[in-house]
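Each residue of the sequence shown is one higher than the last, beginning at 94 in the working numbering. Written out below as structure tokens is the structure these notes cover.
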Amino acid sequence: MCDLVARTGRHLQRYENGRRLVAGCIPFRYMDINDGASDDEQKKLVEVLMISSQSGPGLLFPKGGWENDEAVEETAAREAIEEARVRGDLVQLLGFYDFKSK
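Here is the structure:
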């Protein structure tokens with residue numbers, strides 16, 4: 094695995110109507126639960142990864158600025174690597190929403 098250098102600065106990030114566009118992801122994995130059931134009835138547990146907020150208490154999903162030279166999927170994947178050190182497959186787009194930073 095190669096070292097990753099995080100992108101810095103906001104001068105190459107996308108903006109729309111004066112608002113910075115960000116992308117993120119919800120990293121998750123399925124874990125098999127061994128509860129004595131037969132293989133046909135194997136249960137799965139979903140584990141979700143959240144990261145500590147740098148600006149105060151709380152947890153959040155990896156997210157960050159959408160760069161001009163990236164597709165939104167590339168931004169989501171890059172932020173997962175930069176902020177949580179995880180890689181995975183993008184399953185589906187969950188949607189878009191507005192939020193205001195503190």
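Note that CB positions come from ideal geometry on N, CA and C, so glycine has one too. A quick note: this is a predicted structure, and the numbers were derived from the prediction, not measured.
Does DSSP put residue i in a helix, a strand or coil?
i: Ala177; result: helix
i: Glu167; result: helix
i: Cys95; result: With a pLDDT of 46 at Cys95, under the threshold of 50, the predicted position of this residue should be treated as unreliable, though the coordinate-derived value follows. Cys95: coil per DSSP, three-state reduction.
Quick check: what's the CA-CA separation for residue i versus residue j?
i: Tyr190; j: Val115; result: 10 Å
i: Ile174; j: Met143; result: 13 Å
i: Leu183; j: Asn127; result: 27 Å
i: Tyr107; j: Trp159; result: A small fix is needed here, since residue 107 is Arg in this sequence, not Tyr. Answer to the nearest angstrom: the Cα atoms are 6 Å apart.
i: Tyr123; j: Ser194; result: 31 Å
i: Met94; j: Glu172; result: For Met94, the predicted model reports a pLDDT of 46, less than 50, meaning its position is unreliable and no value from the coordinates is stated.
i: Gly149; j: Pro120; result: 21 Å
i: Val141; j: Glu166; result: 19 Å
i: Ala164; j: Ser145; result: 26 Å
i: Glu176; j: Gln135; result: 33 Å
i: Asp125; j: Gln147; result: 32 Å
i: Gly157; j: Phe192; result: 13 Å
Report all residues from its chain with a CB closer than 8 Å to the CB of residue i; omit the five preceding and five following residues, and keep chain order.
i: Asp162; result: Leu105
i: Arg180; result: Ala170, Ala173 and Ile174
Residue range of the beta strand (DSSP E) that residue i falls in?
i: Lys136; result: Lys136 to Val141
i: Ile126; result: Phe121 to Ile126
i: Gly157; result: Lys156 to Gly158
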